[in-house]
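Novice:
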Amino acid sequence: MLALTQGDPAGIAPEITVKAWRILRESGLPFVFVGDPALLEQHAPVQAVRYLEQGADVFSHAIPVLPLRLATPAAPGEPDRQNAPSVIESIRLAVELAQNGEASAIITNPISKEVIQSAGFKHPGHTSYLAELCLVLGQEVMMLASPSLKVVPVTVHVSLRHALEQLNTELIIKTARTVAAGLRRDFGLKAPRIAVAGLNPHAGENGLMGHEEQQIIIPAIKALQQEGLNITGPMPPDTMFTPAARSRYDVALCMYHDQGLIPLKTLDMAEGVNVTLGLPIIRTSPDHGTAFDIAGQNKADPSSLVAAIRLAAQLAQNRRNAA
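Note that this note's numbering has the sequence shown beginning at 2, numbered continuously upward.
1) Mind the definition here: the stretch 76-83 touches the stretch 38-57 only if three or more C-beta pairs lie below 8 Å; say whether that holds.
2) Report the rounded CA-to-CA distance for Asn319 versus Gly208, giving the unit in angstroms.
3) For a minimum of 4 consecutive residues, which ranges assigned as the alpha helix (DSSP H) are wholly contained in the stretch 227-272?
4) Once the 5 residues before and after Val274 are set aside, which same chain residues still bring their CB inside 8 Å of it?
5) Give the secondary structure of Ser61 by DSSP, where H, G and I count as helix, E and B as strand, and everything else as coil.
6) Give me the DSSP bridge partner(s) of Ala99.
7) Taking all protein chains shown into account, do 16 or more other C-beta atoms lie within 10 angstroms of the C-beta of Leu225, making it buried, or fewer, making it exposed?
8) Can you give me the start and stop residues for the beta strand (DSSP E) that Gln48 sits inside?
9) Hey, Gly279 and Thr156 are a contact pair by Cβ (cut 8 Å); roughly how many whole angstroms apart?
10) Relative to the ligand ZN, is the shortest distance from any of its heavy atoms to the C-beta of Asp251 smaller than 7 Å?
11) Could you give the residue range of the beta strand (DSSP E) that holds Ser286?
12) Keeping to the same chain, check which residues put their C-beta closer than 8 Å to that of Ile174; ignore five residues upstream and five downstream.
13) Just the C-alpha distance for Gly183 and Ile232, rounded to the nearest angstrom, thanks.
14) From the DSSP output, read off the bridge partner residues of Val33.
15) If you draw a straight line from the C-alpha of Ile252 to the C-alpha of Arg186, how long is it?
16) Buried or exposed for Gly61, please, with buried defined as at least 16 other CB atoms from any protein chain shown within 10 angstroms of its CB.
17) Between the C-alpha atoms of Glu27 and Lys20, what's the straight-line distance to the nearest angstrom?
18) At a cut of 8 Å, does the stretch 112-129 reach the stretch 253-270 through at least three beta carbon pairs?
19) Cutting at 8 Å between CB atoms, please list the residues of its own chain near Pro111, excluding the five before and the five after it.
20) Mind reading off the beta-carbon distance from Thr6 to Thr109? Whole number of angstroms is fine, and I expect it under 8 Å.
21) Taking just the CA atoms, how far does Gly36 sit from Gly261?
22) Who does Ile107 pair with in a DSSP beta bridge?
23) I'd like to know whether the C-beta of Arg249 is nearer than 8 Å to at least one C-beta of chain D.
24) Which residue marks the beginning of the beta strand (DSSP E) containing Ala196, and which one marks its end?
25) Taking only the alpha-carbon atoms, compute the straight-line gap between Ala181 and Lys300 and give it to the nearest angstrom.
26) Just the C-alpha distance for Leu67 and Phe34, rounded to the nearest angstrom, thanks.
27) DSSP three-state label for Pro202, please.
28) Could you check if Leu230 is buried or exposed, using at least 16 other CB atoms within 10 Å of its CB as the buried criterion?
29) Could you tell me which residues DSSP puts in a beta bridge with Ala324?
30) Are the CB atoms of Pro237 and Ala204 within a distance shorter than 8 Å?
31) Would you decide whether Ser119 is buried or exposed? Buried here means 16 or more other CB atoms lie within 10 Å of its CB.
32) Apply the 10 Å Cβ neighbour rule to Pro31 and answer buried if 16 or more other Cβ atoms are within range, or exposed otherwise.
In structure tokens form, the structure reads like this:
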């Protein structure tokens, strides 16, 4: 059974949850919503469950909900820090359910980092909190996956200046090892092909446009090749995302956030999925945020959430097959 977290109640999470249920209710991919039933019950039938396994019997006619309560009623488009504890508890409980085997995977609805951090949440977002709950903090890696491209940023939610400060050979090696292991275990790729992006224009042009490739990136690639990984690069970032280039690798290892996420979201925003590698549990999420500006207006596209649910189910099956 899949566990779907509440997300920020003032965002589009309730709407896309209802829309995803309508799409998936006949597909044999049931999920249980871990959150306040009041967020959904005006738009779809809901039924409270005590255990996730009960969701399978409910899903065809109602959204199964493992109930949590908000501190104050949610108003679409008006985030309230009073509800931050419920947002956080939904994530914590979903992880616990996955750790004890009740949930085969978790899918996280979008949250507002600003809202939960204003209530004392110390993490920059979902990913490091999930790693802390799973006792693997520092081993987590964010991957964005779509049917046409998979990307992993080596540095993530920091400014570009700080990304350059953080980037080093060991971080690239550590990230690539986690990516290769995740693609083998969860995606069923026996020998995943990893393409490494350069940092500078034309991948540095042999030092004419920067030395990071020679001093940081190439040493990491050589070390990983000696470990037996199928890894190539550094590739010029402006040409590595063409159709011909993408056909030659399974994942692009990028040096900073936007270097990878701009091409992925340009190619396939609707079906992009955030996958956390390096965890003992499976976690996916949509590749978009809370969209407070359209919350409550019935404009939200559920495609990314549906893709995240489907991918979570597939990864769970792949992991069972590999066991």
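Note that the Cβ used here is the ideal one computed from N, Cα and C, for glycine as well.
Specialist: So, from the listed chains and residues:
1) no
2) What you label residue 319 is simply residue 318 of the sequence shown in a count that begins at 1. What you label residue 208 is simply residue 207 of the sequence shown in a count that begins at 1. Answer to the nearest angstrom: the Cα atoms are 42 Å apart.
3) 244-247 and 258-269
4) To locate residue 274, count along the sequence shown from 1; it is residue 273. So the qualifying residues of the chain are Leu145, Ala146, Ser147, Thr285, Ser286, Pro287, Asp288, Ser305, Ala308, Ala309 and Leu312.
5) On the sequence shown, position 60 is the one that residue 61 refers to. If DSSP states are grouped into helix, strand and coil, Ser61 belongs with coil.
6) Walking along the sequence shown from the start, residue 99 turns up at place 98. Bridge partners of Ala99: none, in fact.
7) Reading the sequence shown from its first residue, position 224 is the one you call residue 225. Buried, by the Cβ-count rule.
8) Within the sequence shown, the letter at position 47 stands for residue 48. Unbroken beta strand (DSSP E) run through Gln48: Val47 to Ala49.
9) Here residue 279 refers to the residue found at position 278 of the sequence shown. Here residue 156 refers to the residue found at position 155 of the sequence shown. With a Cβ gap of about 15 Å, Gly279 and Thr156 do not count as contacting.
10) No copy of the ligand ZN appears in this structure; indeed no ligand is present at all.
11) One-based indexing of the sequence shown puts residue 286 at position 285. Taken as a continuous stretch (DSSP letters only), the beta strand (DSSP E) holding Ser286 covers Arg284 to Pro287.
12) For the purposes of this step, residue 174 is identified with residue 173 of the sequence shown, where counting begins at 1. Closer than 8 Å at Cβ, skipping near neighbours: Ala221, Ala224 and Leu225.
13) On the sequence shown, position 182 is the one that residue 183 refers to. On the sequence shown, position 231 is the one that residue 232 refers to. Going from the Cα of Gly183 to the Cα of Ile232 covers about 15 Å.
14) Counting from one through the sequence shown, the residue named residue 33 turns up at place 32. Ala4, per the DSSP bridge assignment.
15) One-based indexing of the sequence shown puts residue 252 at position 251. One-based indexing of the sequence shown puts residue 186 at position 185. Note on residue identity: the sequence assigns Val, not Ile, to residue 252. Approximately 15 Å, taken between the alpha carbons.
16) Within the sequence shown, the letter at position 60 stands for residue 61. Checking the sequence, you will find Ser at residue 61 rather than Gly. Burial call: exposed.
17) Taking the first residue of the sequence shown as position 1, residue 27 is located at position 26. Taking the first residue of the sequence shown as position 1, residue 20 is located at position 19. Between Glu27 and Lys20, the C-alpha separation is close to 13 Å.
18) no
19) Here residue 111 refers to the residue found at position 110 of the sequence shown. If we look at Pro111 and ignore the five residues flanking it on each side, its Cβ neighbours are Gly8, Asp9, Gly12, Ile13, Ala14, Ser286, Pro287, His289, Gly290, Thr291 and Ala292.
20) As a working mapping, residue 6 is identified with position 5 in the sequence shown. As a working mapping, residue 109 is identified with position 108 in the sequence shown. Right, the Cβ-Cβ distance comes to about 5 Å (below 8 Å), so this counts as a contact.
21) Residue mapping note: residue 261 aligns to position 260 of the sequence shown, counting from 1. Residue mapping note: residue 36 aligns to position 35 of the sequence shown, counting from 1. Those two C-alpha atoms are separated by around 32 Å.
22) Counting from 1 along the sequence shown, the entry for residue 107 is found at position 106. The partner list for Ile107 (beta bridge, DSSP) reads Ala4 and Arg284.
23) In the structure shown, chain D cannot be found, because there is only a single protein chain.
24) Sequence index remark: in the sequence shown, residue 196 carries index 195 (1-based). From DSSP, the beta strand (DSSP E) with Ala196 extends over Arg194 to Ala198.
25) Here residue 181 refers to the residue found at position 180 when the sequence shown is read from its first residue. Here residue 300 refers to the residue found at position 299 when the sequence shown is read from its first residue. Each residue's alpha carbon lies about 38 Å from the other.
26) Position 66 of the sequence shown, counted from the first residue, corresponds to residue 67. Position 33 of the sequence shown, counted from the first residue, corresponds to residue 34. Straight-line Cα distance between these residues: approximately 6 Å.
27) Start at 1 with the first residue of the sequence shown, and residue 202 comes out as number 201. Helix at Pro202.
28) As a first step, residue 230 must be located in the sequence shown, where it is residue number 229. By the neighbour-count rule (16 or more Cβ atoms within 10 Å), Leu230 is buried.
29) Taking the first residue of the sequence shown as 1, we reach residue 324 at position 323. Its beta-bridge partners do not exist; DSSP assigns none.
30) Translated into positions along the sequence shown, residue 204 becomes position 203. Translated into positions along the sequence shown, residue 237 becomes position 236. A contact, by the Cβ cut-off of 8 Å.
31) Taking the first residue of the sequence shown as 1, we reach residue 119 at position 118. The residue in question, Ser119, is exposed, as its Cβ has fewer than 16 Cβ neighbours within 10 Å.
32) Counted from its first residue, the sequence shown places residue 31 at position 30. With 16 or more Cβ atoms within 10 Å of its Cβ, Pro31 is classed as buried.
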